[in-house]
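J.: The working numbering numbers the first residue of the sequence shown as 1317 and each following residue consecutively.
Where a beta carbon is used, it is the ideal one built from N, C-alpha and C, also for glycine.
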Amino acid sequence: MPTVPALRSTPAQRARSTAALAALLPALRPRATEALGRLDGEAFLARLEVGFLDLHEALVVLYAPRTDPDRLLAALVERCLAAATDRREELRLLDRRREVDPGWFQRARHCGYVAYVDRFAGTLAGVRERLDYLAELGTTYLHLMPLLKPRPGPNDGGYAVADYREVDPRLGTTADLRALATDLHGRGMSLCVDLVLNHTAREHPWAEAARAGDGRYRDYYLVFDDRSVPDAFERTLPEVFPDTAPGSFTWDDELAGWVWTTFNPWQWDLDWANPEVFAEMLQVVLDLSAQGVDVFRVDAAPFVWKRMGTDCQDQPEAHLVLQALRALVRVAAPGVLLKAEAIVPPEVLVKYLGDHDHYRPECDLAYNNQLMVQLWSSLAARDGRLITAAMSRLRPPPPQTGWVTYVRGHDDIGWAVSDADAAAVGWDGHAHRRFLIDFYSGRFPGSFARGALFQEDPASGDARISGTTASLCGLDRALELADPALVDAALRRIVLLHSVVHSYGGIPLLWTGDELAQRNDLFWATDPASDGDNRWMHRPRTDWAAAERRGDPATVEGRVFAALAGLSRARAAQLALRAGGESTPLGVDDPGVFAYRRRHQRSEPLLALVNFADGTRTVGADVLDRAGLTDPVVAHASDPHDAVPLVDGRLVLPGLGFLWLVSG
Ligand code: GLC
């Protein structure tokens, strides 16, 4: 069995960290004061002190084998001081506000929009022209897909970065990025970009130096002279892209070695056990923060640390890397957040939000992948029981943090339905996953969905699914048949799923095109950049002609746009929907319905009822009491209501309808 470090701080470690801090401060204090002035200098030091024990411990565990952690820490703090010194006033003001109001990102008014710069608006300057459109939708948080200079040729949608210091010239310049951030901030919006830290492109200067024979840079990557170590690792390593990029190592002639490539052969995994890699990546984050980036989506976070004999995901050190990175970024730029992209089993997800032996600040936000998967599962099964069981098991995020919730993103949907959850409702996990694959690929008789299989494994029958929300919700077939009832059902499904991500707590993220019910891009394969990767079918270019129709309630676009904008308006007023609270599924007596109570600390609860069935369903009104509502009123709903729809002691929900109830 591999040895895994115990991550419980010991008194001896704490004493060592305290001594390290005491040794650091005397020389640092006058320098911080000189660089930042007395007030900001002391604030800088205070931030360092607050996070110091966890930060120091993390660096000891990660790097003591290779370097003196105290000297490393001192050097990293220097980088933070330089970044803090150069930080523009506009950003310092934001930092100030956010230090006063650390829960700034948790407010219910926040709604996200996620898009590719080129597909949404051509360039970064073009995005600035579209901010009114986003505001109309209720967007306060804009995540732009990878926008740094990628490698030429296939680059996994920008996830193969060739230069972290340069914006992709097709999209604009760093000055454009800065200008966009300034515009967003002026509107009370924030900017999220990807931090691709597990790997660089084979064409990144570090990789080029390694290929040219520079040993220092060869050590930035995981390179092996022969197959013995790779073979040993591969015994327990799952493949991420078995179809298109089998194996996890790639032979490179110039390196004369096998380089670790978890994803594609031209995405080289960095060796995070090398402290220089840590320092380089910290600098990347500091530099992008200086451009005005507010949130970093930490791409593929669980993969950064490798351990023989494991699947090399979610190792304890991966958490330490995130904790150390976050602590240092916060010292320099306290308004900046980390958001974890960790597609891991639900029971370990909250660790990315700092839920360890004690709260160790880690990421501020994390994708609630389980909710996304369960929503699609419920929609296909027309059943709310499995989502009730699965979401009951998910631990709440620590109060300082929150989920990002989403219906769809740029990736495929992997059927992370656990056997235990399935068994809890009397289903067979394997059979249900097979059903979902068949259903969303359209093979299942009577399926409304038009998705495609992604990375199908013919041996096991396992596969993930590509396709836009609208296509997976049945809009293609409905429009082809020109059947108004089917169109209505498809649109209701789209809105139903979004109603949950808008009311489950956290920041809801709208994937580009969903607001216009854009269907699969049938021409994805003709774009050479797609490189045979069918995830491009659900990464559409914004159809601005369709967007013009968004004000017309007689159109598909008008209906969906208005409903989604309505959800963001409705949630803004609900304290219960602030991130960091708890969502508690409440079982109800109709299997088609998913009910949950949402509360933030001691706020008045919000009860959401979601009917995944096609027809009207009713649930016992006792759920109102169980949710703690008094004199309930409708806060928002799929269909207009004069009053709470109660008939004979039962709450009535129309097919594919939802209700948000609060105390009157
Ligand atoms: C993340 C991204 C995915 C990408 C991978 C490698 O999982 O979401 O699109 O392929 O990382 O960067």
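Specify the secondary structure class of Y1533 as computed by DSSP and reduced to three states.
T.: Correct three-state label for Y1533: helix.
J.: Run the Cβ filter for me: residues under 5 Å from any heavy atom of the ligand GLC, listed in the order they occur in the chain.
T.: Any residue whose Cβ sits closer than 5 Å to a heavy atom of the ligand GLC makes the list: D1472, Y1475, F1579, D1615, A1616, D1727.
J.: Pull up the DSSP beta-bridge partners for L1378, would you.
T.: DSSP output for L1378 lists no bridge partner at all.
J.: On the CB-based measure, 16 or more other CB atoms within 10 Å of its CB, does F1928 come out buried or exposed?
T.: Flag for F1928 reads buried.
J.: V1949: buried (16+ other C-beta within 10 angstroms of its C-beta) or exposed?
T.: The residue is exposed, with fewer than 16 neighbouring Cβ atoms inside 10 Å.
J.: Bridge partners of L1669, per DSSP?
T.: None, per the DSSP bridge assignment.
J.: When the Cβ atoms of the segment 1426 to 1435 are set against those of the segment 1449 to 1460, are three or more pairs found closer than 8 Å?
T.: Touching, per the Cβ criterion.
J.: Can you list, in chain order, the stretches of the beta strand (DSSP E) that have 3 or more residues and sit fully within the segment 1527 to 1598?
T.: Within the segment 1527 to 1598, the complete beta strand (DSSP E) runs of at least 3 residues are 1565 to 1568, 1573 to 1576, 1583 to 1585.
J.: Counting Cβ pairs closer than 8 Å, one from the segment 1395 to 1415 and one from the segment 1456 to 1468, do we hit at least three?
T.: The segment 1395 to 1415, when compared against the segment 1456 to 1468, does not touch it at the 8 Å Cβ threshold.
J.: When you compare the CB of V1811 with every CB in chain D, is at least one pair closer than 8 Å?
T.: Of the chains in the structure shown, none is chain D; there is only one protein chain.
J.: Taking the beta strand (DSSP E) that A1736 belongs to, which residues open and close that run?
T.: A1736 -> not in any beta strand (DSSP E); alpha helix (DSSP H) instead, spanning 1735 to 1740.
J.: So what does C1396 bridge to, in DSSP terms?
T.: Looking at the DSSP assignment, C1396 forms no beta bridge with any residue, so it has no partner.
J.: Write down every uninterrupted run of the alpha helix (DSSP H) in the segment 1658 to 1731 whose length is 4 residues or greater and which is fully enclosed by it, in chain order.
T.: Runs found: 1662 to 1665, 1685 to 1697, 1701 to 1709.
J.: What are the start and end residues of each continuous alpha helix (DSSP H) run of 4 or more residues lying completely inside the segment 1892 to 1961, in chain order?
T.: Qualifying alpha helix (DSSP H) stretches, in chain order: 1938 to 1942.
J.: L1487 and T1439 - do their beta-carbons sit closer together than 8 Å?
T.: Their beta carbons are under 8 Å apart, which means T1439 touches L1487 by this criterion.
J.: Going by the beta-carbon positions, is the gap between G1897 and R1914 smaller than 8 Å?
T.: Yes, they are a contact pair.
J.: State whether the segment 1774 to 1785 contacts the segment 1793 to 1806, with contact taken as three or more CB pairs (one from each stretch) at a distance under 8 Å.
T.: Touching, no, given that fewer than three Cβ pairs across the two stretches are closer than 8 Å.
J.: Out of curiosity, what's the CA-to-CA distance linking A1930 and L1969?
T.: Position check: residue 1930 holds Asp in this sequence, whereas Ala was assumed. The straight-line gap from Cα to Cα measures roughly 10 Å.
J.: Out of L1513, G1730, R1918, point me to the one whose CA is closest to M1688's CA.
T.: Closest option to M1688, Cα to Cα, is G1730.
J.: In the DSSP assignment, what residue or residues form a beta bridge with I1823?
T.: Partner(s): V1720.
J.: With a Cβ-Cβ cutoff of 8 Å, do A1768 and S1757 count as a contact?
T.: Closer than 8 Å, so yes.
J.: Please state whether DSSP places D1804 in a helix, a strand or coil.
T.: Of the three classes helix, strand and coil, the one that applies to D1804 here is helix, per DSSP.
J.: Between the alpha carbons of V1614 and L1511, how many angstroms are there, rounded?
T.: Roughly 5 Å separates the two Cα atoms.
J.: Can the beta-carbon of L1923 be found less than 8 Å from the beta-carbon of L1945?
T.: Taking 8 Å as the Cβ cut-off, L1923 and L1945 qualify as a contacting pair.
J.: Restricting to Cα atoms, I'd like to know which of V1645, R1387, E1873 is closest to P1591.
T.: The residue with the shortest Cα to Cα distance from P1591 is R1387.
J.: Under the three-state reduction of DSSP, which class applies to W1621: helix, strand or coil?
T.: In the structure shown, W1621 sits in coil (DSSP, three-state: anything other than H, G, I, E or B).
J.: Would you please state the rounded distance, in angstroms, between the beta carbons of R1835 and A1786? I believe it to be under 8 Å.
T.: R1835 to A1786, Cβ: 5 Å. Contact.
J.: Using C-beta distances below 8 Å, list every residue in its chain close to G1874, excluding the 5 sequence neighbours before and after it, in chain order.
T.: The answer, listed in chain order, is R1865, R1866, G1867, D1868.
J.: Where does G1428 sit, in a helix, a strand or coil, going by DSSP?
T.: G1428: strand per DSSP, three-state reduction.
J.: On the DSSP bridge assignment, give the partners of P1466 in chain order.
T.: Beta-bridge pairing links P1466 to V1477.
J.: Flag this pair as touching only if the segment 1470 to 1490 and the segment 1626 to 1636 have three or more C-beta atom pairs under 8 Å; answer yes or no.
T.: Touching, no.
J.: Indicate whether V1723 and W1827 have their beta-carbon atoms separated by less than 8 Å.
T.: Contact: yes.
J.: Taking 7 Å as the line, does the beta carbon of G1474 fall inside it for any heavy atom of the ligand SAH?
T.: Ligands in the displayed structure: the ligand GLC; the ligand SAH is not one of them.
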